[in-house]
Amino acid sequence: MSAEAGAHVLILGGTTEARGLAEALAAPGTAVRVTSSLAGRVANPVLPPGETRVGGFGGPEGLAAWISGHGVTHLVDATHPFADRMSFHAAAAAAATGVPLLALRRPAWIPVPGDDWHRVPSLADAARVLPGLGRRAFLTTGRMGLSAFAHLDSVWFLVRSVDPPAGQVPARLEVLLDRGPFALDGERELLRRHRVDVLVTKDSGGSATAPKLAAAREAGIPVLVVDRPPVPPGVPVAESVAQALAHLRP
Ligand code: NAP
Numbered sequence: 087m088s089a090e091a092g093a094h095v096l097i098l099g100g101t102t103e104a105r106g107l108a109e110a111l112a113a114p115g116t117a118v119r120v121t122s123s124l125a126g127r128v129a130n131p132v133l134p135p136g137e138t139r140v141g142g143f144g145g146p147e148g149l150a151a152w153i154s155g156h157g158v159t160h161l162v163d164a165t166h167p168f169a170d171r172m173s174f175h176a177a178a179a180a181a182a183t184g185v186p187l188l189a190l191r192r193p194a195w196i197p198v199p200g201d202d203w204h205r206v207p208s209l210a211d212a213a214r215v216l217p218g219l220g221r222r223a224f225l226t227t228g229r230m231g232l233s234a235f236a237h238l239d240s241v242w243f244l245v246r247s248v249d250p251p252a253g254q255v256p257a258r259l260e261v262l263l264d265r266g267p268f269a270l271d272g273e274r275e276l277l278r279r280h281r282v283d284v285l286v287t288k289d290s291g292g293s294a295t296a297p298k299l300a301a302a303r304e305a306g307i308p309v310l311v312v313d314r315p316p317v318p319p320g321v322p323v324a325e326s327v328a329q330a331l332a333h334l335r336p
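Just so we're aligned, residue 87 is where the sequence shown starts under the numbering used here, counting upward by one.
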């Protein structure tokens, strides 16, 4: 998958790693053309260097047409580990166009001694299990999935998101608008001030939002961890920007 001079790398982004890869590939002195694609969910995204485009492609066919129409030679799916629809579209578009695809996925989190994790396969399962674990939940699964918890009247929620939630939300809700990275001191204080007794998170991995796990461990509160969807079969995976660069420039 060698991305040399004249190559055009399309990065499906929305993550720190996607931005890091765009920065590395678009650095002065490199002759690789880089386009980063964002879904357009965040009102004021931090834009990476190189070219950018914003908004959906119109399904796998639209993505395949964009790839062919813009001379894309390499496709990198650096979307969030839970953006599984886009990952499957990327796999389908790569198969249709013959353009090589690489998935850039930060490693999943691993529990350490002292953690009280409860793993579930979906947000719906998290909502089912949650009332048995606590009554004051710090919900960090993103503003898009709040409807899964909307029917839970017995639980009070602290929700943290970059933009305000939309759609169906739980009745007892406080919203905190903030963008990571987050530090341990702040997470500790947040749990204490709001008397949080359960944390709900996706297994996003990475360091930007990991301090909440350490804060929960220190406070002795349970953590509901929603497992990641799988990467589409046959797609090679890089776990860091460095690994992705090694794959692109062997
Ligand atoms: P998704 O469910 O996998 O994708 C839904 C649709 O959004 C896709 O079918 C596609 O529309 C469009 N889309 C997604 N990523 C795109 C991209 N990078 N560029 C252009 N279009 C894109 O995705 P999601 O979970 O809603 O996430 C949307 C974006 O937010 C992703 O870029 C992801 O990296 C970022 N993000 C997601 C999460 C999360 O927890 N899911 C967390 C942090 C950041 P078309 O079919 O029209 O092409």
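Yeah, the Cβ is synthetic: ideal placement off N, Cα and C, and Gly gets one too. In this text, all values refer to a predicted model and were calculated from it rather than measured experimentally.
| Check | Outcome |
| --- | --- |
| Please give me, in chain order, every unbroken run of the alpha helix (DSSP H) with length at least 4 that falls completely inside the segment 196-224. | 209-215 |
| Go through its chain and collect everything with a Cβ distance to Phe143's Cβ below 7 Å, but skip five positions before and after it. | Leu149, Trp152 |
| On the criterion of 16 or more Cβ atoms from any shown chain inside 10 Å, does Ala164 qualify as buried, or is it exposed? | buried |
| Beta carbon of Thr165: closer than 7 Å to some heavy atom of ligand 1? | yes |
| Less than 8 Å between the beta carbons of Leu270 and Ala302, yes or no? | no |
| Three-state secondary structure (DSSP) at Arg307? | Checking the displayed sequence, the identity of residue 307 turns out to be Ile instead of Arg. It is coil, neither helix nor strand. |
| Is Gly144 near ligand 1, going by C-beta to nearest heavy atom under 7 Å? | yes |
| Report the residue from Ile307, Ser233, Leu277, Gly100 whose alpha carbon sits nearest the alpha carbon of Ala210. | Ser233 |
| Could you give the DSSP three-state label for Glu137: helix, strand or coil? | strand |
| Taking 8 Å as the cut-off, does the segment 163-180 touch the segment 189-208 (at least 3 CB pairs, one atom from each stretch)? | yes |
| The alpha helix (DSSP H) with Thr102 in it runs from where to where? | 102-111 |
| Taking only the alpha-carbon atoms, compute the straight-line gap between Gly220 and Gly157 and give it to the nearest angstrom. | 52 Å |
| Terminal residues of the continuous alpha helix (DSSP H) containing Leu124? | Run containing Leu124: none in the alpha helix (DSSP H); it sits in the beta strand (DSSP E), 119-124. |
| Measuring only the C-alpha atoms, how far is Leu225 from Gly106? | 27 Å |
| Please report the distance separating the alpha-carbon of Pro199 from that of Pro308. | 13 Å |
| Applying the 10 Å Cβ sphere with the 16-neighbour rule, what's the burial state of Leu334? | buried |
| When you compare each of Ser122, Phe268, Leu277 to His94 by their alpha carbons, which one comes out closest? | Ser122 |
| Give the DSSP-derived three-state secondary structure of Thr287 in the structure shown. | strand |
| Considering only the beta carbon of each residue, do Leu124 and Ala176 sit closer than 8 Å? | no |
| Tell me, to the nearest whole angstrom, how far the beta carbon of Leu277 is from that of Ala257; I am working on the premise that it is less than 8 Å. | Not confirmed; about 22 Å, so no contact. |
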